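Working notes, structure below.
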Amino acid sequence: MIELKTPSEIQAMKPAGKFVGGILKDLKAMTHVGTNLLEIDEFVHKRIVDRKGAESCYVDYAPDFGTGPFAHYICTSVNDAVLHGVPYDYNLKEGDLVSLDLAISVDGWVADSAISFVVGDNPDPEDLRIIACTEEALAAAIDAAQPGNRLGDISNTIGEVARSYGYPINLEFGGHGVGHIMHGDPHVPNDGRARHGYKLRPGLVIAIEPWFLKTTDEIYQDPGDGWTLRSSDGSRGAHSEHTIAITDNGPIILTDRGE
């Protein structure tokens, strides 16, 4: 069921959004060649412990698309991994493409956001291009999240940007409703038909998350950890995400990182 938030409830969601956005901003600044993925996980763990009212949305999360409960505080997906990456003992190398996905509840309200970036001084231009595509698609989709538009307008906007870059689109995983839980209605696919679907109304809070792979739309679940989703052909991917609230005055980015 799709739940609409009151203006006061949207206001109450802002601390969670600011907290998540701030952590991701800090992680991007501190992550470099040699950073271990478990260091990233522990950084998030400590920030959650130190913040009154904050709880991880990932630890012990056990949906039907994973294998057993997730046991970490952030998703760290590297290179051919694009979603649900499980942190492990790996030191990042020059040129690694990293996607960080973070969802935290603060005082009972959830915020969910993701960023992708390349570590080191010599990024592959093709990595920067796919990251730019996800960021452009996210910005355009947020612009389309206006009261009176349709959910299909958001999805179609994402798909159009992906097609303009020449990237294939996977519809299995996408955006979603956000509130007291991390994954709620409605599902927000990364492609769709404009002017179709649920009519956007003030009070709707959703996570919009374009993610693409360079040369395939097919993914598989890493059998080693039962969670990490990788490209079927080894090509790299990128992922950008914000939690937004639709208001009478247009969309508000709750997880804005102030960049």
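Numbering (UniProt numbering), first residue to last: 1 to 259. Cβ atoms here follow ideal geometry from the backbone N, Cα and C, with glycine treated the same way. Computed from a prediction, not measured in an experiment: that's the story for all the values here.
Next item on the list: Helix, strand or coil for I40, going by three-state DSSP, please let me know.
Entry: Translated into positions along the sequence shown, residue 40 becomes position 40. Here I40 sits in helix by DSSP.
Quiz item: Measuring from the CB of F65, is there a heavy atom of the ligand PLP at a distance below 7 Å?
Solution: In the structure shown, the ligand PLP is absent, as is every other ligand, since no ligand is present at all.
Check: So A207 and T157 are in contact, right, with Cβ under 8 Å, and what is the actual spacing, rounded?
Finding: Translated into the one-based positions of the sequence shown, residue 207 becomes position 207. Translated into the one-based positions of the sequence shown, residue 157 becomes position 157. 15 Å between Cβ atoms; not a contact.
Worksheet entry | C-alpha gap between N102 and R195, whole angstroms | Here residue 102 refers to the residue found at position 102 of the sequence shown. Here residue 195 refers to the residue found at position 195 of the sequence shown. Going by the sequence as given, residue 102 is Leu instead of Asn. Answer to the nearest angstrom: the Cα atoms are 31 Å apart.
| request: Grab me the residues of T6's own chain with a C-beta within less than 8 Å of its C-beta, minus the 5 sequence neighbours each way, in chain order. | output: Within the sequence shown, residue 6 is the residue found at index 6, counting from 1. Closer than 8 Å at Cβ, skipping near neighbours: G203.
What is the DSSP secondary structure of L213, counted as helix, strand or coil? Stepping through the sequence shown from its first residue, residue 213 is reached at position 213. Strand at L213.
Does the beta-carbon distance from G234 to D80 come in below 8 Å? Taking the first residue of the sequence shown as position 1, residue 234 is located at position 234. Taking the first residue of the sequence shown as position 1, residue 80 is located at position 80. Yes; because the gap between Cβ atoms is below 8 Å, this pair is in contact.
Notebook entry, point to check: How far does the beta strand (DSSP E) with Y220 in it reach, from first residue to last?
Noted result: Against the sequence shown, residue 220 aligns to sequence position 220. I219 to Q221 is the span of the beta strand (DSSP E), which, as asked, contains Y220.
Would you mind stating whether G224 and S231 have Cβ atoms separated by less than 8 Å? Here residue 224 corresponds to residue number 224 of the sequence shown, with the count starting at 1. Here residue 231 corresponds to residue number 231 of the sequence shown, with the count starting at 1. No, Cβ-Cβ distance for G224 and S231 is not below 8 Å.
Subject >> Short Cβ contact (8 Å threshold) for I40 with L24 >> reply: On the sequence shown, position 40 is the one that residue 40 refers to. On the sequence shown, position 24 is the one that residue 24 refers to. Not closer than 8 Å, so no.
- [ ] Select from I253, Y220 and V98 the residue whose C-alpha is nearest the C-alpha of I10.
- [x] Counting from 1 along the sequence shown, the entry for residue 10 is found at position 10. Looking at the Cα atoms, I253 is the closest of the given residues.
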